[in-house]
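A short worksheet on the structure shown next.
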Amino acid sequence: MDQFKAMRTFVRVIDEGSFAGAARSLDVAPAMVTRIVAELEAHLGTRLINRTTRRIALTEIGEQYLERSRTILADVEEAEALASSAQREARGVVRLRVPPAFAVHRVVQVLPKFHERYPNVTVELNAFGPVDDIDDSQDITILWRRGPLDGEFVARRLARSEVVLCAAPEYLDRHGRPQHPRELVGHKSLIPPVSELQNGLTFYRGIWAEGEANHEAVSIVRPGPSPMVSLNTDVNYAGALAGLGITGLPSFIAGDALVERALERVLPEWQLFTLTLWACMPSRKHVPARTRVLLDFLVETFGGEDRDPWLEAAGCPTLDCEGAASAQRVGDLAAHA
Numbered sequence: 001m002d003q004f005k006a007m008r009t010f011v012r013v014i015d016e017g018s019f020a021g022a023a024r025s026l027d028v029a030p031a032m033v034t035r036i037v038a039e040l041e042a043h044l045g046t047r048l049i050n051r052t053t054r055r056i057a058l059t060e061i062g063e064q065y066l067e068r069s070r071t072i073l074a075d076v077e078e079a080e081a082l083a084s085s086a087q088r089e090a091r092g093v094v095r096l097r098v099p100p101a102f103a104v105h106r107v108v109q110v111l112p113k114f115h116e117r118y119p120n121v122t123v124e125l126n127a128f129g130p131v132d133d134i135d136d137s138q139d140i141t142i143l144w145r146r147g148p149l150d151g152e153f154v155a156r157r158l159a160r161s162e163v164v165l166c167a168a169p170e171y172l173d174r175h176g177r178p179q180h181p182r183e184l185v186g187h188k189s190l191i192p193p194v195s196e197l198q199n200g201l202t203f204y205r206g207i208w209a210e211g212e213a214n215h216e217a218v219s220i221v222r223p224g225p226s227p228m229v230s231l232n233t234d235v236n237y238a239g240a241l242a243g244l245g246i247t248g249l250p251s252f253i254a255g256d257a258l259v260e261r262a263l264e265r266v267l268p269e270w271q272l273f274t275l276t277l278w279a280c281m282p283s284r285k286h287v288p289a290r291t292r293v294l295l296d297f298l299v300e301t302f303g304g305e306d307r308d309p310w311l312e313a314a315g316c317p318t319l320d321c322e323g324a325a326s327a328q329r330v331g332d333l334a335a336h337a
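Letter 280 of the sequence shown, counting from 1, is numbered 280 in the UniProt record's numbering, and no numbers are missing.
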């Protein structure tokens, strides 16, 4: 038995003053109304309505049940209206899972503009640890990939972010500016203590194309000595700003410092690899307005294209083709950002 349907039918019988009137109002057969009320009484184990040939009258229990039914049905209608409104109006809390570095360097900075547009939406920003896959407990998950996305979820491209080598100008003034990747061996490096990275890096120059030898690849055995070791990309960023050495950073971290000349790009004609940033949702079904507007805002703000807005803003050359990213084999410098 559908409890709410039975309640509504019972209340309609009383409001219309008869079973026949309730049937007309609900556009169903009178026999169905009679059956639904009878099933409700059987379910409750008590009579709610005394029936005569001329009129109906509530029992004492029926009067109490009618009062409570009206309250319950009003609450249900209010909840349904609230949920329906939430689908149309941008209000409420959106849970956003973001890699910490992207949250700190990019997402937080654009939230004031978002809240100007949507003052009734609160962003619950969950930025902790690496984001390796979509989080089903979140409304939106931002993650990056060097290759294609795998999985059954909705994904929209935010931007591309190249991983670049950079250092403080003061460091480069003291130790020189390398002109070739092999010269990095003689420089201090801030490379995460990941064996795949510590064992070597591969650099590319020129346009990479499948089956065409129009690019140059150079592998160095390993970076130079490390005065500081950290898995945290922001720590390495701070170390580079402090002049500790050369580090590799996603452009979304290094971009502003490159614009302000607090950092200088090293080996600008050579590339390591590029990341693609995605905003993902578990499903496109029944997405509330608050989630839709945040997703659209993020795509609009970061461009939503296969380009690197942060290197472009810094006036730096960008990776010519994603093929270089798929061709090179070293680990992800940004994995712990």
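Don't be surprised by glycine CBs; every beta carbon is placed ideally from N, CA and C.
query                                                                                                                     : result
Three CB pairs or more closer than 8 Å across the stretch 166–177 and the stretch 246–257                                 : yes
Rounded straight-line distance, which links the Cα of V94 to that of Q138                                                 : 8 Å
H105, buried or exposed, once every other Cβ within 10 Å from all chains shown has been counted against 16                : buried
Meets three-Cβ-pair contact criterion under 8 Å: the stretch 119–137 and the stretch 71–79                                : no
Cβ neighbour criterion (16 or more within 10 Å) applied to N236                                                           : buried
Own chain partners of residue 348 with C-beta closer than 7 Å, once the 5 adjacent residues on each side are dropped      : Past the edges of the chain, shown from 1 to 337, lies residue 348, and the structure says nothing about it.
Residues of its chain near W144, where Cβ-Cβ distance is below 6 Å and the 5 sequence neighbours each way are ignored     : L275, L277
First through last residue of the alpha helix (DSSP H) which encompasses R47                                              : Note, R47: premise wrong, no alpha helix (DSSP H); not H, not E.
Reduced DSSP secondary structure (H/G/I, E/B, other) of P250                                                              : strand
Spatially closest choice to T59 from I49, P309, R68, by CA coordinates                                                    : I49
Local Cβ density within 10 Å of R160, reported as buried at 16 or more and exposed below that                             : buried
Sequence-distant residues of its chain with Cβ nearer than 6 Å to R302 (five each side left out)                          : According to the sequence shown, residue 302 is Phe rather than Arg. So the qualifying residues of the chain are L158, A159.
Collapsed DSSP secondary structure at A262 in the structure displayed                                                     : coil
Beta-carbon contacts of V11 that lie in its chain and below 8 Å, excluding the five residues immediately before and after : L66, S69, R70, L73
L258 Cβ short of 6 Å to the ligand MG heavy atom set                                                                      : The ligand MG is not among the ligands present in this structure, which contains no ligands whatsoever.
Reduced DSSP category for N126 - H, G, I as helix; E, B as strand; rest coil                                              : strand
Rounded C-alpha distance that separates V13 from G45                                                                      : 19 Å
At least 3 beta-carbon pairs within less than 8 Å: the stretch 172–191 vs the stretch 300–314                             : no
T52 classed as buried or exposed, judged by whether at least 16 other C-beta atoms fall within 10 angstroms               : exposed
D296 classed as buried or exposed, judged by whether at least 16 other C-beta atoms fall within 10 angstroms              : exposed
Nearest residue (CA-CA) to I191, options D15, F153, P225                                                                  : P225
7 Å Cβ cutoff met for S251 and V154                                                                                       : no
Whole-angstrom distance between E216 and G206, CA atom to CA atom                                                         : 6 Å
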